[in-house]
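Take a look at the structure set out below.
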Amino acid sequence: MKNLKEYSLTNLRMIGVEQVTNAKSGHPGMVMSAAPLVHELYLNHFNAVPSNPKWINRDRLILSAGHGSALLYSLLHIAGFNIKKSDLMKFRTLDSLTPGHPESHLTDGVDASTGPLGQGFAMAVGSAMAEKHLAAKYNKPGLPLFDHHTYVICGDGDLQEGIVSETMQIAGLQKLEKLIVLYDSNDVQLDTKVNKVQKIDLKKWCEAQNWNYIFVKDGFNLESVDKAIADAKKSNKPTLVECKTIIGFGHEKQGTPAMHGAPFSEEAVQSLREKFNYKEEPFTVNVDVKKMWEENFNKRGETAFEKWSKIELEYKEKFSKEYKEIFEHKTVKVDEFKELKHSNKEATRTSSGKVLKKLQELTGNMLGGCADLSSATKAQGFMGEFNSETPTGNNILFGVREFGMAAITNGIQEHGGLKAFDSTFLVFSDYMRNAIRLGAIAKLPAMHILTHDSIAVGFDGPTHEPVEHLASLRAMPNLFNFRPADMNETIGSYVAAYNLTENPSTLIFCRQDLKQLEGSSAESVAKGGYIVYETKGKKPDLIFISTGSEVELTIETAKLMETEKKSVRVVSMPCVELFESQDVKYQESILPVKHDKYIVVEAGSSFGWHKFTGRNGLMITVNTFGKSADGAIVLADYGFEPSKIVSRIKNWK
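Numbering (our numbering), first residue to last: -14 to 638.
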């Protein structure tokens, strides 16, 4: 074949377009514009092994513009990953390996779940941070376990998202030289031409943030794209490569917004076949093209993996402790935290700091930080600052960038070899929410530490006092939320959260000092909810359900009700999701279905609690915004005092 590489590019494009047309749904414009970028990257530079798709030192390709998934699936099919012709034909159909946007836990070769624009870019920053940290901490002379690159495919929409500005600044500060962004610069987005909504000097923008910038005038010139990637790999900074392309290339409406999200008709696909002199059957890789890929991408990847496997074997023999930290993450146990000291009265955020520090010492594999609030949240990496000069440190200074922080945390967790965490105030979890959600979809067990968890924050007023946030987080599928009542429950919460393998978690702590409870149990947190206090020898007249800082108050109230000749039970519910995962017999032993006198005490929204209490349950909760005053005064004003709760119970019918 006269020009095999160009025909290979056409093959890649056409299989992508065929998926979209066959599904009658998708985004073919990007398939045609960005194909040269992924073609040259994979064919000439990328190290990966389809037979071992989770190889930890593979290069990563994160499709931040996740709507271009048909292009990624076409690429992975040609490259020999486990995406068959039948999978391509099932694009965007129920339970397929080729969903509308890439999902890393479903499809081999997909290095991050993407779709919400900008988040893939941010996760790539996390991946590059993970590589830099692991390489600095664990590589030994002659034994480079970690030396891979992280690549991103992004579009105009990605760069317009605020999260890209947040994380681009961090990447530049950290000099993440193995991060390379390939920008499909086609001047068009869904509603309009890009120049109607964005006018920046991209070169100056990159340079101002300590990024290297490379411009490719003709993004369809394969040699130019190849050279740009090669030059980017030589940089001592992260690099953005802007490649000028044409959206919907080859279509009669190329270069217009109509090309973004509408499938090409059968007639348009036939026209492309004629224009490109394309002879293959639908969803078919040309024999010569396949051979070229095998001799380049596949051979290079297999050679790199074989070399690395020898390094891994020698490393395992010589540095077994370090090897286990990376590859054999330990299961932590409650007993390992028993010697931690605490005050008789201590805020759970303070307890959290102590437990988190111990957890880092026990595991050696944690990387994370805080959005400029570590002095308040008590959460940070305790083994030195992570930066371009000391990448062995495990404390990332995220600055005031909550959304970017959460997405970077996802990227670190997705990379492997580390347990990622971050921290801010609970009220600012709204900034993080979309990244937490994407982590839940992708089954990334990152840990989000959130403090200042109720109207007890006080003086800062309603803007800083969470009300609906607990209910909102509990509503999110696959997310486990922990709100412990004291040091014991804090230990149990961290142990349970760290040991999760497919669920992200939030760990939610209070600002005000609390007593250490006599009946609390670190071990019982694993059940989600348990009896922390009850009247001995009697069936309860009243069953209280409470969490976090209100458990102490609830026990005091229950004891007052005992003086009113009422038998009581107080259930501490540090994790609703864990409780609901227990068998029916256990749940019934704690919260009997037929019991009709349930009282919930929680300084947050009542939303969600009626599933335990029934419609007649008494809610000592907060369903309006908070106020600015001393925290204790605010709590009292909202009825969170034993005597006021007793009065509510007496008037309850």
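All residues carry an ideal CB built from backbone N, CA and C; glycine is no exception.
Quantities reported herein were computed from a predicted structural model and do not represent experimental measurements.
Going by Cα to Cα distance, which pick from the options is closest to residue i?
i: G389; options: D357, T377, A289, N379; result: D357
i: V270; options: K69, K342, G233; result: K69
i: I397; options: P129, A460, V110, V173; result: V110
i: V173; options: Q145, T152, H24; result: Q145
i: T99; options: Y518, G424, I605; result: G424
i: A64; options: S36, S54, P87; result: S36
i: L458; options: S71, T548, C560, G446; result: C560
i: I641; options: I41, Y58, L(-3), P84; result: Given a span of -14 to 638 for the chain in the structure shown, any question on residue 641 remains unanswerable.
i: N484; options: F465, D498, Q154; result: F465
i: V555; options: G349, K570, E587; result: E587
i: L22; options: C139, F131, E3; result: C139
i: E474; options: E537, T598, S220, H437; result: E537
i: F322; options: H24, A614, V480, R43; result: V480
i: S506; options: Y515, L499, K500, N380; result: Y515
i: Y58; options: S534, H12, V510; result: H12
i: L492; options: V340, E151, S81; result: V340
i: E331; options: L91, L502, T152; result: L502
i: T598; options: L576, N281, W293; result: L576
At what residues does the beta strand (DSSP E) containing residue i begin and finish?
i: T491; result: 490 to 493
i: G354; result: 351 to 355
i: N636; result: Neither: N636 is in no beta strand (DSSP E) and is coded neither H nor E.
i: K640; result: The question about residue 640 has no answer, for the chain in this structure spans -14 to 638.
i: T135; result: 135 to 139
i: T436; result: 432 to 436
i: F564; result: Where F564 is concerned, there is no enclosing beta strand (DSSP E), although the alpha helix (DSSP H) it sits in stretches over 561 to 565.
i: S307; result: One detail in the question is off: residue 307 reads as Glu in this sequence, not Ser. No beta strand (DSSP E) holds E307; the alpha helix (DSSP H) holding it covers 305 to 312.
i: Y483; result: Note, Y483: premise wrong, no beta strand (DSSP E); alpha helix (DSSP H) at 472 to 484.
i: L527; result: 527 to 531
i: Y515; result: 515 to 519
i: I657; result: Here the chain covers residues -14 to 638 and nothing more, so residue 657 does not appear.
i: L698; result: This structure leaves residue 698 out entirely; the chain is present only between -14 and 638.
i: F467; result: 465 to 467
Quick one: is residue i buried, meaning 16 or more other Cβ sit within 10 Å of its Cβ, or exposed?
i: V272; result: exposed
i: W637; result: exposed
i: N197; result: buried
i: S557; result: buried
i: I185; result: exposed
i: P525; result: buried
i: R600; result: exposed
i: G147; result: exposed
i: T375; result: exposed
i: S478; result: buried
i: K512; result: buried
i: N(-4); result: buried
i: A215; result: exposed
i: I618; result: exposed
i: N42; result: buried
i: Q365; result: buried
i: D44; result: buried
Pop quiz: residue i and residue j are said to be a contact at Cβ under 8 Å. What is the actual Cβ separation, rounded to whole angstroms?
i: L(-11); j: M277; result: 6 Å
i: M15; j: H52; result: 7 Å
i: L175; j: P242; result: 6 Å
i: K582; j: I528; result: 7 Å
i: E337; j: K363; result: In the sequence as displayed, the identity of residue 337 is Ser instead of Glu. Yes, S337 and K363 are in contact; Cβ-Cβ is about 6 Å, under 8 Å.
i: A405; j: L352; result: 6 Å
i: L382; j: F410; result: Not really, about 17 Å apart at Cβ, beyond 8 Å.
i: V210; j: E25; result: 4 Å
i: I440; j: E453; result: About 12 Å separates the two Cβ atoms, so there is no contact after all.
Residue range of the alpha helix (DSSP H) that residue i falls in?
i: M(-1); result: -11 to 8
i: E541; result: 535 to 547
i: N124; result: Unbroken run through N124: none, as it is neither H nor E.
i: F597; result: 595 to 598
i: I68; result: It is not in any alpha helix (DSSP H) - I68 carries neither H nor E in the DSSP assignment.
i: V452; result: No alpha helix (DSSP H) contains V452, which DSSP labels as neither H nor E.
i: V340; result: 333 to 348
i: V556; result: No alpha helix (DSSP H) holds V556; the beta strand (DSSP E) holding it covers 553 to 557.
i: L158; result: 147 to 158
i: S359; result: 359 to 362
Practice task
Scan the segment 28 to 64 and note each continuous alpha helix (DSSP H) run of 4 residues or more that stays entirely inside, going in chain order.
Solution key: 54 to 64
Handout entry: Those runs of the beta strand (DSSP E) which lie wholly inside the segment 391 to 426 and span at least 3 residues
Key = The DSSP assignment places complete beta strand (DSSP E) segments of no fewer than 3 residues inside the segment 391 to 426 at 404 to 410, in order along the chain.
Exercise for the section: Could you pull out every unbroken beta strand (DSSP E) segment of at least 3 residues lying fully inside the segment 165 to 246, listed in chain order? Expected result: 197 to 201, 224 to 229
Exercise for the section: Starting from the N-terminal side, write out each stretch of the beta strand (DSSP E) that is 3 residues or longer and does not extend beyond the segment 245 to 310. Expected result: none
Handout entry: Residue ranges of each alpha helix (DSSP H) within the segment 566 to 624, 4 or longer
Key = 569 to 575, 595 to 598, 616 to 622
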